[in-house]
Amino acid sequence: MTSAILSGLNVLMKPLEASACDAMSSQQEALVAALRANRALLLEQLRCEKGLEEVRRLREEVMAEAKWFSSDTGDAIWNFVQECLFLLLTLARHLSVQLALFDGNAAASAARPRTAEMAPPLPPDVLGVTQQKTLGATLQFVVSLGLGPYLASGVGVPLGSRTAFGVMVEKLVHGDVAPAMERRLLTTTSVLLQLADLSSLATVVFTRHLRDVLAALCQLGHCPHRADGGGSEKESALSVEERKTCREALKSLLGKVYQPIVIRELLHLQGGREQPLGASGTGRGAGTGVAPPWLRRLCGQLLSDRLMQPNGVQAVVRAILEGGPGGGDSDWSKCDSVARILAACPRQSVSPDSYYGQICPQILELLHLKDKLTGLQFQRVATRVVDIMVEDKPQLAQQHLLAPLLGPLRRCADTAGESRRAVDEPELTRCVEGAYKIWVVGNSASRPMVKALEEVLPVLFTLFCFTKRNVSHLRGACREILLWYAGHAEHSEALSAVRQLSGLAGQKTCRVPPGFHFTAGSEGGARLTPREAAGDEDDALYERLSEEQWRLDCLTQLLAELKDSDLPGDFFLELLRELTSWTAEEEETDEQRVQEVGDVSAVTLLEAEQRLSRRDAVSGQRLALLQVLAVVCDTLPHALLLRKTTQMVDFIVSLLQRACVGLDRRSPSAATENTVESQTLSMGMGLVATLLSGPRLGAEDYASMKRLLPPLEDLSQKHPDVVVRELASSLRPVIATHGAYKPERAAQCSGNPVRRTRASCAAEAPTQMGPLGPGRIRHNNPPGGSSTERCQPGVEMNGTGDPVTSTRAVSDLLLEACDPDVPTRALALRTLTRMVQEGDLEAVQAQEKVLAIYLENLEHEDSFVYLSAIQGLAVLADSFPERIMQKLLEAFRRGPPSLPSSDAEHSLETRLKVGEVLMRASRAMGELAPHLGRPLIGVFLQGTGDRDRTVRASCLSNLGELCQRLNYALGPLVQELSCRLTALIKTDEEAEVRRAAVHVITLLIRGLGDRTTRVLGDVLLDLYRALKWAVRSDRDDVTVLHAQLALEELHDVMKRFLFPQQKLEKKMIVLP
């Protein structure tokens, strides 16, 4: 039956024969003749053929029910359209009946057993490919002949703008026919809607002709009918009920179809036709591409209704962004256009508050779409909407966008009784991810955006500190948000925020309430939960202190990433300024305490308790300041803290101001006995001289240095030290004259006057120090360090910061190497090392004295001194290996001769330092290692039997480094080496010694490589068994890991030995 109906439709679509077309005078006549002939042929077949009796019966039933049927129209085109509509309704009725029977039989057949191989029955409304093609062609004719010609100008796409066939149809259709044009349009649209009641036919209708159906319904239900050239309405061919039915049908259709498609079609209807008229478009639709005002208003209202629906925002965005090709600048412009549409309140909205109350939650949902293809575009739209609303409507944006977005973070910090509840992991994750996309990805640094983020910054930082201690996917987002704020907020606000996060803001800091804390979530995020009460006060105190310390560590890590910002340096300088003010307050407080002691009898207990409370609060603030300052100095490099000249000047100002505090009330003896303060002040003078020696000082630099004049004047007049007064007096005119006047005395500040007596300093300064000039004093060391390299007399600094020896004698350097001042001693050692390296004749002749000085300084407790000594000994051993190495070996066996035998602990430490020297020397031997390394192996093997475990481990480490470079020279020693390593692995009680022994085998195999089987052939099996024993039996996990690594190295070597790599080589053989 279905095939018979579709065959009838195929008869109607049959083209006219070529011979008949040639006889026609025009294409219009040929088209009309073909339509008449095909309709007549179909009626003849229905009347004569017995196979079409059922089709004829159903067609007559449909015709009897069709009130719109007109038999004597005299219009061949409309008669053809009517016949197509009859057959389409016949097909729809037949398929509906068959589908009802199929559904009834499906319920009965579901009870019967079915095997896995049996396919489910096919529904009767499924059409084949050829059948769908015939149905599509019929619908195309119906729309082109029965719907498109009757649309008003500007409604939908004109036929003349589609194809050449449409232009020809426009010429054939006339308005003064019966039934009226509106009636014909209503008939065609009603039939298409009836076909759409069946899902299989609705797919064909709406995928190809949805825009035409919508245009027809808009015109039938909403088009105002006005007489040509007049303002009065003319009589419509449709009744009020019919127009109302069309409006309801339009509303129903808009709710059924996929919303992005509906919105896209409404946008096209609102904007007129899509494409300009081609060369063949000359019908009455030509040039009428602009939609009429009533249609634009209607489409705008319908689009607003779609937008206000649930998920309406997402539908609008999909309709616009998915309609064309993606990528490029067009994507950005589309996103910006959509954002401006969404941010603009429509006129028909009740109020802006209600509109944004419905739209903004949907906009925030766009940030969390999981679709990777469209998620980025949706995110662009959401961020642009937020930017536009914050810029144009800040109050509404704060109320409907920023407040809901940051709501979970605000609840974390809310201390109100009703709001103190746990925050779940999903909402906290969505909050952080949304904030990251809005602030970091959107990157809008407007004032309201920065202020909104500032309110939740303490909670966000607390969450970041938690993620740093745990594995969480929120760590990166929190870190980027905090860095974004530090880079985009105003400098004063960012500085205040850093101070607040460091804990120096007192109780004003808005943190997580004390009874709550962040815990790990099940999905890798975090959640806010109530904190369990600590059972012991000591445990609670320890937990609080460790948490504060961890917050400072996290804060300094964030500041360390701001490499191009002045924020870390300014924060450091603010801490120093507060420290200076604290010092000044302390001087006044001491006098007040003396007075309070005398007035204790005159105060009540309450007043005394209040005084003690205030004093404790002040002490707590000062301790917090010192803690923050200590962490900042230890963690952040000086190049970040003082990256600009102005920051360096601020640092020196604070340093000199602290030195000036209390000069009037301080006794001269107290000022001179404070060595740390004197060295600090000396360092400050050196920094001032360094700045003044810079070759590129400009007017701005000198302007910033004017702040040094008042403290330098105070020091030059009031400081009890004569040297400090003279240096301050010498530096002041250089700054005041912008470098035009440079007294020779100013150069003394680059030295260390504290280490010398005042008399000797005054005598030596004119002869040892030259005039202050560009390039004479240059160093970039961190200020305030106890073991930093400073400019000293006899040593100048070149452009790269390396020390360059002057004309000073080696004897002077040997004396300075015994100086109690740490920087002087370390610099002298380094200078001697440089002279030995460069082959200085005087240093070579005094190598015995230099060796003794180096060995003596090995015992120094400061790391900067003994590391300089180690470096010097290594250079000395590399330059004179035969003479120096023997003495180093003797010192390693028995310890330095300067140590008493009773000082066992100090001797052990010094032996380890000598072992470090020997290891560095062995590394520097290079190809001479087989010749010079024999004595070292004997000493190291002997040291593996030492009573101290540290010496045994050190000897094994040095042995591994040396064995890597001996290659075939190991041959005579492999048996002893194997026995010693095997015995240590199996019998030594110390885990670190066993680890070192296994590591020696690893280094040995790694250094020999493919030569392992030839050099260690006799002992390779013993070493393999020792490693396997360590893997199976050793109780230390690290030793087992080292053994596994050694076995992997051995496995690779044996694999290459047994299965050598095949080389493909070409050989040319000359035949005789």
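Each residue of the sequence shown is one higher than the last, beginning at 65 in the working numbering. C-beta: ideal position from N, C-alpha, C; glycine also.
*Got a sec? Which residues, its chain only, sit under 6 Å from A461 by beta carbon, not counting five neighbours each side?*
Hits under 6 Å: M453 and V454.
*asked:* Using 7 Å as the threshold, is the C-beta distance between L163 and D189 below it?
replied: When the beta-carbon positions are compared, L163 and D189 come within less than 7 Å of each other.
_Residues in the same chain with beta-carbon distance under 7 Å from D276, minus the five sequence neighbours each way, listed in chain order, please._
Around D276: V207, L211, G212 and G220.
*Which first and last residues belong to the beta strand (DSSP E) in which F580 is found?*
Start and end: F580 to A584.
_Tell me whether the region 613-632 and the region 697-713 touch, counting them as touching only if at least three CB pairs, one residue from each stretch, are closer than 8 Å._
Three or more beta-carbon pairs separated by less than 8 Å link the region 613-632 to the region 697-713, which places the two stretches in contact.
*When G506, R595 and L637 are compared against H581, the one with the closest alpha-carbon*: With distances taken between Cα atoms, H581 lies closest to R595.
*How far does the alpha helix (DSSP H) with P458 in it reach, from first residue to last?*
It spans P458 to A461 - the alpha helix (DSSP H) in which P458 sits, taken as one unbroken run.
*Pull up the DSSP beta-bridge partners for L592, would you.*
Note: L592 is bridge-paired with V487 and F582 in the DSSP secondary-structure output.
*On the premise that L1114 lies in contact with Y1088, defined as a C-beta separation below 8 Å, what is that separation, rounded to the nearest angstrom?*
Contact between Y1088 and L1114 holds: their C-beta atoms lie close to 7 Å from each other, under 8 Å.
*Go ahead and label L1135 buried or exposed: buried means 16 or more other beta carbons lie within 10 angstroms of its beta carbon, across all protein chains shown.*
Taking all protein chains shown into account, L1135 has fewer than 16 neighbouring C-beta atoms within 10 Å of its C-beta and is therefore exposed.
*Ends of the alpha helix (DSSP H) at T271?*
Looking at the DSSP string, the run of the alpha helix (DSSP H) that includes T271 is S263 to H286.
*Near A313, what residues of its chain come up, given a Cβ to Cβ distance below 7 Å and the 5 sequence neighbours on each side ignored?*
Same-chain partners within the cutoff: L257 and L281.
*Where are the alpha helix (DSSP H) runs, 4 residues long or more, that stay fully inside the region 1076-1132, in chain order?*
Within the region 1076-1132, the complete alpha helix (DSSP H) runs of at least 4 residues fall at 1076-1079, 1084-1097 and 1101-1122.
*Which residue spans inside the region 103-163 form an unbroken alpha helix (DSSP H) run of at least 4?*
Qualifying alpha helix (DSSP H) stretches, in chain order: 117-129.
*asked:* Tell me which residues share the same chain as L473 and place their Cβ nearer than 7 Å to its Cβ, disregarding the 5 neighbours each side in the sequence.
replied: In chain order, C495, V520, V523 and L524 place their CB closer than 7 Å to the CB of L473, counting only its own chain and leaving out the 5 sequence neighbours on each side.
*asked:* Could you give the first and the last residue of the continuous alpha helix (DSSP H) run that contains M372?
replied: First-last of the alpha helix (DSSP H) with M372: P357 to M372.
*In chain order, what residues of the same chain have a beta carbon less than 6 Å from the beta carbon of A800, not counting five sequence neighbours either side?*
Contacts found: none.
*If I'm right that T66 touches L165 with Cβ under 8 Å, what's the distance once you round it to whole angstroms?*
T66 to L165, Cβ: 13 Å. No contact.
*What are the start and end residues of the alpha helix (DSSP H) that includes W503?*
Looking at the DSSP string, W503 is not in any alpha helix (DSSP H), and its letter there is neither H nor E.
*asked:* Can you look up T66 in the DSSP assignment and give me helix, strand or coil?
replied: The answer is helix: DSSP assigns T66 an H, G or I state.
*For Q721, collect the residues of the same chain with a Cβ closer than 7 Å to its Cβ; drop the 5 residues on either side in sequence, then sort them by chain order.*
Cβ neighbours of Q721 beyond the five flanking positions: T644 and P775.
*Can you name the start and end residues of the alpha helix (DSSP H) that Q621 belongs to?*
Here the alpha helix (DSSP H) through Q621 covers E601 to A624.
*DSSP state of P884 mapped onto helix, strand, coil*: Coil, per DSSP.
_Beta-carbon proximity list for R575, same chain, < 8 Å, skipping 5 on both sides_ = Non-local beta-carbon contacts of R575 in its own chain, meaning distances under 8 Å to residues more than five positions away in sequence, involve A477, P522, V523 and T526 in chain order.
*asked:* So, for L692: in the same chain, excluding its five sequence neighbours on each side, which residues have a beta-carbon less than 8 Å away from its beta-carbon?
replied: The sequence given here places Val at residue 692; Leu does not occur at that position. So the qualifying residues of the chain are S566, G567, L568, L616 and L639.
*How many Å lie between W132 and T251 at the Cα?*
For W132 and T251, the distance between alpha carbons rounds to 7 Å.
*If you draw a straight line from the alpha carbon of F944 to that of R686, how long is it in whole angstroms?*
Rounded to the nearest angstrom, the two C-alpha atoms are 55 Å apart.
*Do you know how far the Cα of A881 is from the Cα of A892?*
Each residue's alpha carbon lies about 5 Å from the other.
_Boundaries (first-last residue) of the alpha helix (DSSP H) holding K197_ = Here the alpha helix (DSSP H) through K197 covers V193 to G210.
*Going by alpha carbons, who is nearest to V304 out of G285, L318 and V321?*
Considering only alpha carbons, the answer is G285.
_Buried versus exposed, by CB contacts within 10 Å (16 or more), L359_ = By the 10 Å Cβ count, L359 comes out buried.
_Measuring straight from C-alpha to C-alpha, what distance separates R539 and F528?_
A direct Cα-to-Cα measurement between R539 and F528 gives close to 6 Å.
*Are the CB atoms of V929 and T897 nearer to each other than 7 Å?*
Not closer than 7 Å, so no.
_Taking its Cβ as the centre, do 16 or more other Cβ atoms sit within 10 Å of P324, making it buried, or is it exposed?_
Burial state of P324 is buried, judged by a 10 Å Cβ sphere holding 16 or more other Cβ atoms.
*At what residues does the alpha helix (DSSP H) containing M769 begin and finish?*
Unbroken alpha helix (DSSP H) run through M769: A763 to M769.
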